[in-house]
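Following: one structure in structure tokens, then a few remarks.
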Amino acid sequence: MRPNTNEYDTELRVNGEVIVLDGMSYQGRTVLPEGPDRFACLERWAKGVAETVGEPVTWRATENGRLAGRGTVQPGPGAQNRRAL
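For the sequence shown, our numbering gives the first residue as 57, with consecutive numbering after it.
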């Protein structure tokens, strides 16, 4: 692992369930930089998925079994509702 980074268990969820799109589960391990903006890439990832599915997406990051960060992003007004999760 690179210096000044931490590894987290991460996931994206819609309505409490891990998102699976085209056979890919949006759950795994992610290396993120230390610092106040460490979860910014998860926010961007969740925003892109929210735009795709047309629903709010919640991201979570845990470290050593403890919640390290969580947030929910909304799709933009032009997003399509693609309820086939």
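Ideal Cβ positions, reconstructed from N, Cα and C, are used throughout, including at glycine.
Contact check, residue i vs residue j, beta carbons under 7 Å
| i | j | result |
| --- | --- | --- |
| residue 65 | residue 128 | no |
| residue 70 | residue 83 | no |
| residue 67 | residue 87 | no |
Rounded C-alpha distance that separates residue i from residue j
| i | j | result |
| --- | --- | --- |
| residue 101 | residue 108 | 11 Å |
| residue 131 | residue 115 | 14 Å |
| residue 79 | residue 72 | 18 Å |
| residue 122 | residue 133 | 34 Å |
| residue 81 | residue 92 | 27 Å |
Enclosing alpha helix (DSSP H) for residue i [first to last residue]
| i | result |
| --- | --- |
| residue 90 | Unbroken run through residue 90: none, as it is neither H nor E. |
N- and C-terminal bounds of the beta strand (DSSP E) containing residue i
| i | result |
| --- | --- |
| residue 64 | 61–70 |
| residue 125 | 122–129 |
Close beta carbons around residue i, own chain, < 8 Å, minus the five adjacent residues each side
| i | result |
| --- | --- |
| residue 77 | 105, 108, 109 and 141 |
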